[in-house]
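One structure is given here, and the rest of the page talks about it.
Number of protein chains: 2
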Amino acid sequence: MEKENELFGVKEIARRANVSTATVDRVLHNRTGVSEKTKAKINAIIKEMDYQPNILASRLASKKIISLAALLPDVSEETDFWSAPLNGIRRAEAEMKQYGVQVQVFLFDLNHKDSFADQIRLVLDAGFHGILISPSFIEETRKFAVECARRKIPYVFIDSDIPDLHSLSYIGPHLRKSGYVGAKLLTYRLEPEKKVLIINISKEIDNYNYLEIEDGFRAYFNDNNQPNEIVRIDIRETDYQSVARHLTYVFHLNKDIGAAFVTNSRVHTVASFLKNSHRTHVSLIGYDFVRENVDYLEDNVIDFLICHRPDDQGYRGMMALYQTLVVNAPVTKQNYMPIDIVTKENYEFYQN
Amino acid sequence: MEKENELFGVKEIARRANVSTATVDRVLHNRTGVSEKTKAKINAIIKEMDYQPNILASRLASKKIISLAALLPDVSEETDFWSAPLNGIRRAEAEMKQYGVQVQVFLFDLNHKDSFADQIRLVLDAGFHGILISPSFIEETRKFAVECARRKIPYVFIDSDIPDLHSLSYIGPHLRKSGYVGAKLLTYRLEPEKKVLIINISKEIDNYNYLEIEDGFRAYFNDNNQPNEIVRIDIRETDYQSVARHLTYVFHLNKDIGAAFVTNSRVHTVASFLKNSHRTHVSLIGYDFVRENVDYLEDNVIDFLICHRPDDQGYRGMMALYQTLVVNAPVTKQNYMPIDIVTKENYEFYQN
DNA sequence: TACCTTTACGGGCACGTGCCCGTAATTCAT
DNA sequence: ATGAATTACGGGCACGTGCCCGTAAAGGTA
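In order, the protein sequences belong to chains A and B. For the first sequence, my numbering gives the first residue as 19, with consecutive numbering after it. For the second sequence, my numbering gives the first residue as 19, with consecutive numbering after it.
The structure is reproduced here in structure tokens:
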């Protein structure tokens with residue numbers, strides 16, 4: 019509330035240091051052309067004033083546009099999961115647009131590792147100032163990281179992490195804990211003599227996510243001395259017929275399966291199978307707030323969905339880049355998303 | 019990507035309409051002094067261009083500071099629940115500060131209706147441009163709403179809603195559905211012959227929240243033909259001794275209580291009682307991510323906490339005012355928060 | 001000493017919008 | 001027709017920062 023009849027910002031610094039605003043500007047952006055003496059004096063004043071640049075004026079005056087890239091899997095006919103992060107990215111884009119930030123989205127095919135590498139090359143060649151990337155393939159991502167480091171381009175991982183690659187930030191779930199939560203929910207009302215089935219449906223071989231989740235899932239059983247036997251199955255085809263065939267076989271071999279845990283968003287395929295084969299008494303838990311899954315929640319076939327706010331992941335990922343490049347503020351390196359539990363009763367309010 | 023070698027914004031409008039930027043400005047802010055003819059022409063051009071004012075430049079040029087008030091319950095020794103919305107408000111404040119928006123927080127005592135009325139008067143007299151308020155007492159809030167309407171001050175409700183008062187927006191849970199979710203979780207592994215106990219601990223009489231939650235809770239039992247008998251108890255003192263006394267009595271009368279549902283954040287008091295009286299086999303569900311409750315989650319005494327992101331509520335509430343007053347963008351009238359389920363396994367990632 | 005290069009700094013315009021102030025044009029009263 | 005009041009509009013500065021361009025001073029070379 020105290021009135022300050024001084025000038026603001028750069029002008030005030032200039033006045034106190036008996037220099038022009040241009041010189042202050044040079045110091046602020048550590049450009050050349052300032053003697054050590056004046057530089058020291060100005061820096062002292064900046065510190066003393068606790069000067070915070072006015073981002074409005076800064077972005078307004080600077081005509082240089084900052085361009086960010088986002089590289090994600092394309093939505094496929096199998097799952098529209100990745101439309102959620104894309105939404106978040108668009109949301110961030112709308113916010114940043116007026117500050118002179120442009121966003122360009124690149125999509126690749128999760129079933130074709132080559133398309134990932136191709137898009138990476140495209141992104142790198144275009145000379146973006148910052149990159150958001152879903153590191154779906156480990157080796158390609160590693161090369162990407164090296165190249166970014168060389169060019170000093172900050173990059174953010176979302177949805178799954180590859181440690182030790184010095185990303186600016188990771189934004190996504192703690193996968194192990196996520197599996198742990200799945201196990202808790204699955205066993206919450208499970209009878210001790212029943213078996214538990216872990217199902218992984220995926221064409222990819224590069225399944226770092228899956229391993230982490232299963233590891234966490236099993237850890238819960240260990241930590242809590244759950245007596246239930248765990249059966250697991252890998253299904254490398256994603257179409258309904260293949261999945262149904264494999265599951266029919268597993269259920270034939272194991273008569274007393276009381277609960278099933280699907281490690282990704284393809285849980286709706288399993289739900290479909292359970293419904294068609296009149297096995298809806300089996301508790302079913304899986305991942306991600308996509309329409310097909312929600313339909314089976316509504317239908318009482320899926321008991322719980324675990325979600326990690328993919329929309330928010332996209333938003334925060336872009337914002338982390340913005341914070342670094344525009345505001346020049348620090349961002350947290352690990353940004354674990356909440357492990358959300360979605361049921362028939364609360365899904366209508368869930369914000370993906 | 020197409021180059022536009024035209025001017026931007028107001029200047030371009032002025033050029034196309036053969037007027038000065040000042041006239042365009044008059045139209046944009048619908049000030050007087052423009053003939054109907056030119057006004058129409060300019061408006062047409064604005065529409066055609068889909069003109070979006072540059073908020074940076076706008077806020078920079080306008081020296082008028084916008085001041086917002088937030089009126090919430092003070093944190094008491096009984097619960098620090100309200101520190102979460104306050105955090106969100108501070109977060110919003112930090113973001114808005116550079117755009118010339120000031121925020122002032124007013125606190126009242128939930129146990130003293132008078133302090134609420136006093137603070138309302140203070141806020142209204144100070145002439146804020148927008149107000150965020152937790153409408154804890156119905157009648158006082160009603161008067162407040164009338165006064166705001168008269169002065170054309172937008173106001174936002176958080177945490178609980180009072181319908182039909184024409185608030186700019188409500189940001190908080192759908193209380194009925196929240197109780198519904200509580201019932202789902204409570205009964206998920208409940209044996210049919212067990213009784214269920216609803217506990218309301220509160221000094222206040224004005225308990226609109228509580229009624230909605232209990233209503234939703236019971237609705238679940240109806241909708242799903244749950245056979246369990248429901249017992250309920252109101253406890254008007256909040257200290258441990260009083261709560262323990264009442265609960266001892268209830269548990270004495272009802273030997274077969276299998277689960278308890280506490281309608282607010284005081285569930286930790288009940289948890290304490292259950293632990294002390296060696297009744298931890300009773301499932302316990304309550305509200306809010308406050309430290310005491312989380313401790314009992316960790317300790318396996320509380321099974322689930324239901325939360326409504328109070329931090330986010332504060333943030334979004336302030337942002338709704340910002341959107342209206344600064345950006346002049348529309349805000350959604352109903353903004354139901356997700357009904358989050360917090361357990362021992364996922365609480366460490368929960369973002370309150 | 002005369003000339004050139006480098007260093008160190010100031011002047012001043014631009015960004016897009018808000019808004020004060022001045023004035024030509026129109027209307028009205030006499 | 002003359003003056004006053006009102007209406008309709010333009011000129012131009014300000015907001016705080018970025019940055020181009022110009023130039024005086026210092027240092028270097030012959």
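Ideal placement from N, C-alpha and C gives every residue a C-beta, glycine not left out. A quick note: this is a predicted structure, and the numbers were derived from the prediction, not measured.
Note down, in chain order, all residues in the stretch 354–368 of chain A with a beta-carbon under 8 angstroms from any beta-carbon belonging to chain B. Answer in chain order: Tyr-354, Met-355, Pro-356, Ile-357, Asp-358, Ile-359, Thr-361, Lys-362, Glu-363, Asn-364, Glu-366, Phe-367 and Tyr-368.
C-alpha distance - Leu-46 of chain B paired with Ile-83 of chain A, whole-angstrom precision: About 27 angstroms.
Partner residues on chain A for His-299 of chain B, Cβ-Cβ distance less than 7 angstroms: In chain A, no part has a C-beta under 7 angstroms from the C-beta of His-299 of chain B; the shortest such distance is about 14 angstroms.
Compute the distance between the beta-carbons of Ile-303 of chain A and Gly-200 of chain A, then report whether it is under 8 angstroms. Closer than 8 angstroms, so yes.
For Val-141 of chain A, name the three-state secondary structure that DSSP assigns. Annotated three-state conformation of Val-141 of chain A is helix, per DSSP.
If we define contact as Cβ-Cβ less than 8 angstroms, is His-117 of chain A a contact residue for chain B? Note that residue 117 of chain A corresponds to Tyr in the displayed sequence, not to His. Cβ-Cβ to chain B under 8 angstroms: yes for Tyr-117 of chain A.
Span separating the alpha-carbon of Lys-21 of chain B from that of Gly-27 of chain B: Low per-residue confidence applies at Lys-21 of chain B: pLDDT is 32, beneath 50, and the placement is therefore not dependable, though the value from the model is reported in the following sentence. So the two alpha carbons sit approximately 15 angstroms from each other.
Counting only beta-carbon atoms, is His-184 of chain A nearer than 8 angstroms to chain B? For His-184 of chain A, the answer is no, since every Cβ of chain B falls outside 8 angstroms of its Cβ.
Using CA coordinates, which residue listed in A:Asn-370, A:Thr-350, A:Ile-73 and A:Tyr-354 is at the minimum distance from His-192 of chain A? Of the listed residues, the one whose Cα sits closest to His-192 of chain A is A:Tyr-354.
Please report how far the alpha carbon of Asp-68 of chain A lies from the alpha carbon of Phe-126 of chain A, in whole angstroms. When rounded, the distance between both Cα atoms is 45 angstroms.
Using 8 angstroms as the cut-off, can you tell me whether the stretch 286–303 of chain B makes contact with the stretch 79–93 of chain B, which would need three or more C-beta pairs spanning the two stretches below that distance? When C-beta atoms of the stretch 286–303 of chain B are compared with those of the stretch 79–93 of chain B, fewer than three pairs fall below 8 angstroms, so the two segments do not count as touching.
Strand pairing of Arg-284 of chain B, partner residues [DSSP]: Residue pairing by DSSP places Arg-284 of chain B opposite no residue, since no beta bridge is assigned to it.
In the structure shown, what three-state DSSP assignment does Arg-250 of chain B receive? Arg-250 of chain B falls in the strand class under three-state DSSP.
Integer Cβ distance of Tyr-258 of chain B from Ser-295 of chain B, believed to fall under 8 angstroms: The beta-carbon distance between Tyr-258 of chain B and Ser-295 of chain B, rounded to whole angstroms, is 12 angstroms. This is too long to meet the 8 angstroms contact definition.
I need the straight-line Cα distance from Glu-363 of chain B to Ile-219 of chain A, nearest angstrom please. Their backbone Cα atoms lie some 25 angstroms apart in a straight line.
Min CB distance Ala-277 of chain A to chain B below 8 angstroms: Not an interface residue.
Going along chain A, which residues have a C-beta under 8 angstroms from His-438 of chain B? What the structure shows of chain B is the stretch from 19 to 370, and residue 438 of chain B is not part of that stretch, so it cannot be assessed.
Strictly below 7 angstroms CB to CB, what residues from chain A border Ile-73 of chain B? Correct list: Gln-116.
Reduced DSSP category for Ile-180 of chain A - H, G, I as helix; E, B as strand; rest coil: It is coil, neither helix nor strand.
Only counting the same chain, and skipping five residues up and downstream in sequence, which positions put a Cβ closer than 6 angstroms to that of Asp-329 of chain A? Cβ within range, chain order: Ala-102, Asn-105, Gly-106 and Asn-370.
Out of B:Gln-116, B:Leu-203, B:His-264 and B:Val-349, state which residue places its alpha-carbon closest to the alpha-carbon of Arg-77 of chain B. Comparing Cα positions, the closest option is B:Gln-116.
In three-state terms, what does DSSP make of Gln-70 of chain B? Residue state, collapsed to three classes: coil.
Whole angstroms are fine: how far does the CA of Phe-162 of chain A sit from the CA of Leu-343 of chain A? Approximately 20 angstroms, taken between the alpha carbons.
Closest residue to Gly-335 of chain B among B:Ile-324, B:Gln-352, B:Cys-325 and B:Leu-323 (Cα-Cα distance): Nearest C-alpha to Gly-335 of chain B: B:Gln-352.
Per DSSP, Cys-166 of chain A is paired with what? DSSP lists no partner for Cys-166 of chain A.
Rounded C-alpha distance that separates Asp-390 of chain B from Ile-216 of chain B: Only positions 19 to 370 of chain B appear in this structure, which leaves residue 390 of chain B out of reach.
Using CA coordinates, which residue listed in A:His-264, A:Tyr-206, A:Phe-175 and A:Ile-73 is at the minimum distance from Arg-114 of chain A? The amino acid occupying residue 114 of chain A in the given sequence is Met; Arg does not appear at that position. Ranking A:His-264, A:Tyr-206, A:Phe-175 and A:Ile-73 by Cα distance to Met-114 of chain A puts A:Ile-73 first.
Count the other CB atoms, across all protein chains shown, that sit within 10 Å of the CB of His-326 of chain A; report buried if there are 16 or more and exposed otherwise. Counting Cβ neighbours within 10 Å, His-326 of chain A comes out buried, since at least 16 surround it.
Name the DSSP beta bridge partners of Asp-358 of chain B, please? DSSP, once it has assigned bridges, lists B:Cys-325 as partnering Asp-358 of chain B.
Output needed in chain order: residues of the stretch 59–83 of chain B with a Cβ under 7 angstroms from some Cβ in chain A. Going along the stretch 59–83 of chain B in chain order, one finds Asn-72, Ile-73, Leu-74, Ala-75, Arg-77 and Leu-78 with a Cβ nearer than 7 angstroms to chain A.
By the 10 Å Cβ neighbour count, where 16 or more other Cβ atoms means buried, how is Lys-170 of chain A classified, buried or exposed? The residue in question, Lys-170 of chain A, is exposed, as its Cβ has fewer than 16 Cβ neighbours within 10 Å.
Going along the chain, which residues of its own chain have a beta-carbon closer than 7 angstroms to the beta-carbon of Ser-38 of chain B, five neighbours each way excluded? Same-chain partners within the cutoff: Ala-32.
Short Cβ contact (8 angstroms threshold) for Phe-155 of chain B with Phe-134 of chain B: Going by C-beta atoms, Phe-155 of chain B is nearer than 8 angstroms to Phe-134 of chain B.
Limits of the unbroken beta strand (DSSP E) element including Val-119 of chain A: Counting along the chain, the beta strand (DSSP E) containing Val-119 of chain A begins and ends at 119–126.
At a CB-CB cut-off below 8 angstroms, which residues of chain A make contact with Arg-207 of chain B? The answer, in chain order, is Tyr-206 and Arg-207.
Can you tell me which of the three DSSP states Ile-31 of chain B falls into? Assigned with DSSP and collapsed to three states, Ile-31 of chain B falls in helix.
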